[in-house]
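Enquirer: This is the structure, below, for whatever I ask next.
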Amino acid sequence: MYGRKVKLRFLFIAIAFITLILSAFLVLKSLEENVIYFQSPSEIKLLSELDKKKIRIGGMVKKNSISITANEVKFIITDFKNEINVTYTGAVPNLFAEEKGVVAEGFLKDKNFFSATKILAKHDENYMPPEVKAALKEN
Amino acid sequence: MLYSVIGYYSLILGLCFSLILIYFSIINFRNSKILDTKILSFTFLQFFFVIISFLCLVLSFVFSDFSNETVFNNSHTTKPLFYKIAGTWGNHEGSLLLWLFVLTLFILIFFLRSKNQPIKYKILTLVFQQIIIIGFFVFLIMTSNPFNYIYPTPEEGLGLNPILQDPALVIHPPILYLGYVGSSIIFSSVLAATTLNMISKNWASHIKKWVLISWFFLTIGILLGSIWAYYELGWGGFWFWDPVENVSLMPWLALTTLLHCILVLEKKLILTSWVIILSITTFLLSMSGTFLVRSGILNSVHTFASDPQRGLFILIFLFSLIFLSLFIFFFFHKNNENNLSSFFWLSKETAIIINNWFMMYFLSVVLIGTIYPIFLDVLSSQKISVGPPFYHKLIIPFLIPFLLIMAIGPKLKWIRSNLENKIYLISLLVISILLSYLIVKNFEYNFLINSILISSALYLFFMNLRDFFIQKYQNISQNISHFGFSLLILSILFNNLFSTEVITNLKVGETFESSKTKIIFENVSQRTGKNYESIIGNFSIQNSKGKVENFLPELRIYNQPNIVTSEADIKTTLISDKFIVINLVQNQDYFNIRYQVKPFMIWIWLSVVLISFGGLISLLKKKYEK
Amino acid sequence: MKSKFLPFSIFIIFFVIFIIFYKGLQDTNIYTPDVKINNEIPSYSAELFYSGKIVNSSEIFDLNKYYLLNIWSSWCVPCRQEHSILIDLANNKNLKLIGINYKDKKENAKKFLEELGNPYEKIIFDKDGTSAIEWGAYGVPETFLIYDNRIIKKYIGPLNKHSVKEVKLLMK
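Residue numbers (the numbering used here), protein chains in the order written: chain A, -12 to 126; chain B, 2 to 627; chain C, 72 to 243.
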């Protein structure tokens, strides 16, 4: 028979192993559900069907496209090839401006309309979100 | 000009002293009867020259010497003196110099404070610390020299990013660095102790002071950053699970775990491997924080200037340290624990170990959430981001057992124990459950998880409150910290549950009305500050009880660089914060307005202060625990 | 067996992590518009500063000649510092200077040139900063050395003695 010490050690390792697997499973599953993918207006045009999940769209805010009413802000995100109309209700960051890079997070209504729940902008005026940079570069 | 020259050569001298120190240390290590006094004097000299160099940079900033590139890039003559000085560490080069300054300061203090330790151990710690210091010296001199010239001398600097011009952010980096760098001492010390195979109860009580010091500063540092984000970024939140915040949270989690393990080690001489791993991890996580933030590899709202060249250097340096410590761990560490058999399931150490597991789990969640996007981008070039729901979903449910064990654990004795006073344990639990039911019963959303979570937090709260009065200050530091933690969880929960928010766009003179609030945009006025112009909105806000308050949120347009920032107007009371922030959308006459009522906001800050205060007490107390 | 296997695999894991971070670094997230060194110059329609004529940007540059394209603005203090260097460089017969006037008011820019001299052969008027984006510029001042419709070298920030020396070397 094994001694008490060995048994304890086995128990210890077994518990550690099980928790490890369990947490790995949890983390992976949760990652899958909560990851937000990034797309450019051109990529959205190419979609065959609309994704119901939350996504991020990035590009430049088109010149003279911002219009604002009491309830919402509307603007157009462009990657100089394709455009998408965005409606947004919520707080606008300081560096949100025409012809600056922008990332909007929210849901696609159809291929031309996006309803944003959050707008992200950076503290640095020279900054361009990497996704936007990549999206613009492709064109 | 002059300062740059002095500063630069002081840096070079500092590096030379590192090499000299290593040389003497090796000689002294071979023949280690007495500690060579030269070592101490050279350590002091090194510290002295780093201070000189740091002061030179400060003076360059104070006198706006734009022949210095760092000053040119980050300062401006119209900037207030306070922020000129703060500008010294508000940028990459200066902040690294600050790192170096704290590194040398700490090794000096370490030497002065650990007279009773074996000489070999002290020398070896010094050598490991010097390796880190050399790394930083070379990094500073090669890739980010703070004393670069510009010729011809510009007349005006480019200015400091205005959102960094803030009192909380002035002291935030130095304090955070004290925490990070404190962990470097733990790192060097643990490597030295492992190599010499002298991890013992003695060593545990010696290093515990350093663990407490860095833990204290790290906690305060994170708190300050969080407070800054709350009132400056204008989102009204205090934690966004942003990568830069995560990289400061990860060392904190590791350090907190280490703090508890050290206690076990000090009492029982078990968990030695675990303590070594944690000590190493803490420092390496702090270093990776620097890497991730400074290299621009992470996409974060807080990363400012960054440069891939520098990233490469830190990356190589970081991984050299990782491989060095792995090597030492696997080749020198001999497991001399003897007493797994004396492990009994119901004991203080079991509680600590279980909560350690939870902490490690939280740590891995944060780690994965932070670096997964980088990995995915490299492996499949898909751009993704991991949002707060990921963290919430994975962390919140596990807080429940975590809190319960935290409540019961300290009641247990070391080695083996039975629960005494079962009646009050259970009665307090019942009270907590009832109370939380009363609080949450009006909520349909997520009722179950909220009520269980609140009851376990309340349970911890009551347990500590009771101990506070009954146990007569027996273990007051632990008591205060745990009490603070329960308060933190409670205030965060209430804050999330009862916050209300109005976001709307208004023109001057317009009124927004909903069932609960009426916001009147009275007028705007203008004001001129030293280096900015500001537009001040005048709002009167009426709540459901008809009480009217006046708010003056501000929109600042800084002259150099030309950036607009929103200054929120926050009215803080013990019960809730009222927070309003405005923003002007380009070329439009509408103002974007965000008004939030956030209950118990101040308690979040206070509870973190309490948590760190517990650490401070235990640091100052001569005899730790019973 | 077991005792060797564990350290070994951990080393390997960290090594893989290192590689991944290293690769991640190559593609960093900062907005440095591509330093298009040895790249073709962009072609787009640009407005000339004095005449107001719209031309194609690539028509400005001839083959077999060295050009120094300088992005400047009257409100930019470092540009003022660098201007005397540009005037000196303009005396060089083998080098032609082209300016891009970035996000500026025409009156201010004219005053600036009257005051400090005009080293440029041609100036592109870039009122909204789109030209600068085409060139992949960071901000002002910024200077590109161009030969055979290719960008040979890019200088971010004001030119200095050192960069002038380098420009002269590159032209040989």
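Every residue, glycine too, gets a C-beta built ideally from N, C-alpha and C. Bear in mind the structure is a predicted one, so any value in this text is a computation, not a measurement.
Which residues bound the alpha helix (DSSP H) around B:Tyr373?
Expert: B:Tyr373 -> alpha helix (DSSP H) spans 349 to 381.
Enquirer: May I ask you to report which of helix, strand or coil DSSP gives B:Asn75?
Expert: Looking at B:Asn75 - three-state DSSP - the assignment turns out to be helix.
Enquirer: Could you check how far apart the C-beta atoms of C:Tyr173 and C:Trp206 are, in whole angstroms? I think they sit under 8 Å.
Expert: C:Tyr173 to C:Trp206, Cβ: 10 Å. No contact.
Enquirer: Compute the beta-carbon to beta-carbon distance between B:Asn539 and B:Phe592, rounded to the nearest angstrom, for a pair I have assumed lies under 8 Å.
Expert: Not really, about 11 Å apart at Cβ, beyond 8 Å.
Enquirer: What is the rounded straight-line gap between the Cα of B:Phe73 and the Cα of B:Ile618?
Expert: Going from the Cα of B:Phe73 to the Cα of B:Ile618 covers about 43 Å.
Enquirer: So what does DSSP say about B:Gln589, is it helix, strand or coil?
Expert: It is coil, neither helix nor strand.
Enquirer: Can you give me the start and stop residues for the beta strand (DSSP E) that A:Lys40 sits inside?
Expert: Unbroken run through A:Lys40: none, as it is neither H nor E.
Enquirer: What is the rounded straight-line gap between the Cα of C:Leu166 and the Cα of C:Leu184?
Expert: The alpha-carbon atoms of C:Leu166 and C:Leu184 are separated by roughly 19 Å.
Enquirer: Considering only the alpha carbon of each residue, which of B:Val610, B:Pro175, B:Lys116 lies closest to B:Leu41?
Expert: When only C-alpha atoms are compared, the closest one is B:Lys116.
Enquirer: I'd like to know if A:Asn99 contacts chain B, where contact means its C-beta is closer than 8 Å to some C-beta of that chain.
Expert: Output row for A:Asn99: interface = no.
Enquirer: Give me the Cα-Cα distance between C:Ser114 and C:Ser155, rounded to the nearest whole angstrom.
Expert: Near 29 Å, if we compare the C-alpha coordinates of C:Ser155 and C:Ser114.
Enquirer: Is any beta-carbon of chain A found at less than 8 Å from that of B:Tyr122?
Expert: No, B:Tyr122 lies away from the interface with chain A (no Cβ there is under 8 Å from its Cβ).
Enquirer: Go ahead and pull the three-state DSSP assignment for A:Met47.
Expert: A:Met47: strand per DSSP, three-state reduction.
Enquirer: Have a look at B:Lys599, B:Leu621, B:Leu461 and flag the residue whose alpha-carbon is nearest the alpha-carbon of B:Tyr232.
Expert: Checked all of B:Lys599, B:Leu621, B:Leu461; the closest Cα to B:Tyr232 is B:Lys599.
Enquirer: Since B:Phe391 meets chain A, which of its residues come closer than 7 Å, beta carbon to beta carbon?
Expert: What B:Phe391 touches in chain A: Ser17, Leu18, Asn21.
Enquirer: Measuring only between beta-carbons, confirm whether B:Ile164 sits less than 8 Å from chain C.
Expert: For B:Ile164, the answer is no, since every Cβ of chain C falls outside 8 Å of its Cβ.
Enquirer: Is it the case that the segment 211 to 219 of chain C contacts the segment 185 to 202 of chain C, given that we only count it when at least three CB pairs across the two stretches are under 8 Å?
Expert: Contact between the segment 185 to 202 of chain C and the segment 211 to 219 of chain C is absent, because fewer than three Cβ pairs lie under 8 Å.
Enquirer: Comparing the C-beta of B:Trp229 with each C-beta of chain A, is any distance below 8 Å?
Expert: No, B:Trp229 does not count as interfacial toward chain A.
Enquirer: So, is the C-beta of A:Phe12 closer than 8 Å to a C-beta in chain B?
Expert: Output row for A:Phe12: interface = no.
Enquirer: Within the same chain, show all residues whose beta-carbon is closer than 7 Å to that of B:Ser492, passing over the 5 residues directly before and after it, in chain order.
Expert: Phe601, Trp604, Ile605, Ser608.
Enquirer: So which residues on chain A does B:Asn336 lean against when the C-beta distance must stay under 8 Å?
Expert: Near B:Asn336 there are no residues of chain A at all, since even the closest Cβ is about 12 Å away, more than 8 Å.
Enquirer: Under 6 Å Cβ to Cβ from B:Met288, same chain only, skipping five residues before and after it: list those, please.
Expert: Taken in chain order, the residues that qualify are Leu319.
Enquirer: Entirely within the segment 477 to 536 of chain B and at least 4 residues each: give me those alpha helix (DSSP H) ranges in chain order.
Expert: As far as the segment 477 to 536 of chain B is concerned, its whole alpha helix (DSSP H) runs of at least 4 residues are 477 to 499.
Enquirer: Might you give, ordered along the chain, the residues of its own chain that have their beta carbon closer than 8 Å to the beta carbon of C:Lys236, omitting 5 neighbours on each side?
Expert: Correct list: empty, nothing qualifies.
Enquirer: If you measure from the CB of B:Tyr231, is any heavy atom of the ligand GDP nearer than 7 Å?
Expert: What this structure holds is no ligand at all, so the ligand GDP is not there to describe.
Enquirer: Report the residue ranges of all beta strand (DSSP E) runs contained in full by the segment 381 to 419 of chain B; include only those spanning at least 3 residues, in chain order.
Expert: The qualifying runs are 385 to 387.
Enquirer: Within 10 angstroms of its Cβ, does C:His233 collect 16 or more other Cβ (buried), or is it exposed?
Expert: The residue is exposed, with fewer than 16 neighbouring Cβ atoms inside 10 Å.
Enquirer: By DSSP, does A:Gly77 sit in helix, in strand, or in coil?
Expert: Coil.
Enquirer: Count the other CB atoms, across all protein chains shown, that sit within 10 Å of the CB of B:Thr258; report buried if there are 16 or more and exposed otherwise.
Expert: Its Cβ being crowded by 16 or more others within 10 Å, B:Thr258 is buried.
Enquirer: Nearest chain B C-beta to C:Phe85 closer than 8 Å, yes or no?
Expert: It does; some Cβ of chain B falls within 8 Å.
Enquirer: Say whether the segment 396 to 404 of chain B touches the segment 446 to 454 of chain B, bearing in mind that this needs 3 or more beta-carbon pairs closer than 8 Å, one atom from each stretch.
Expert: The segment 396 to 404 of chain B is in contact with the segment 446 to 454 of chain B.
Enquirer: Name the two residues that bound the continuous beta strand (DSSP E) containing A:Ala91.
Expert: Per DSSP, A:Ala91 belongs to the beta strand (DSSP E) from 88 to 95.
Enquirer: Give a yes or no on whether the minimum CB-CB distance between A:Gly88 and chain B is below 8 Å.
Expert: Closer than 8 Å: no.
Enquirer: For chain C, find out if any of its Cβ atoms is closer than 8 Å to the Cβ of B:Leu286; answer yes or no.
Expert: With 8 Å as the cut-off, B:Leu286 does not count as an interface residue toward chain C.
Enquirer: If we ignore side chains and look at the alpha-carbon of each, how far apart do A:Asn99 and A:Asp38 end up?
Expert: Looking at the two C-alpha atoms, the distance is approximately 13 Å.
Enquirer: May I ask you to report which of helix, strand or coil DSSP gives B:Ile228?
Expert: Helix at B:Ile228.
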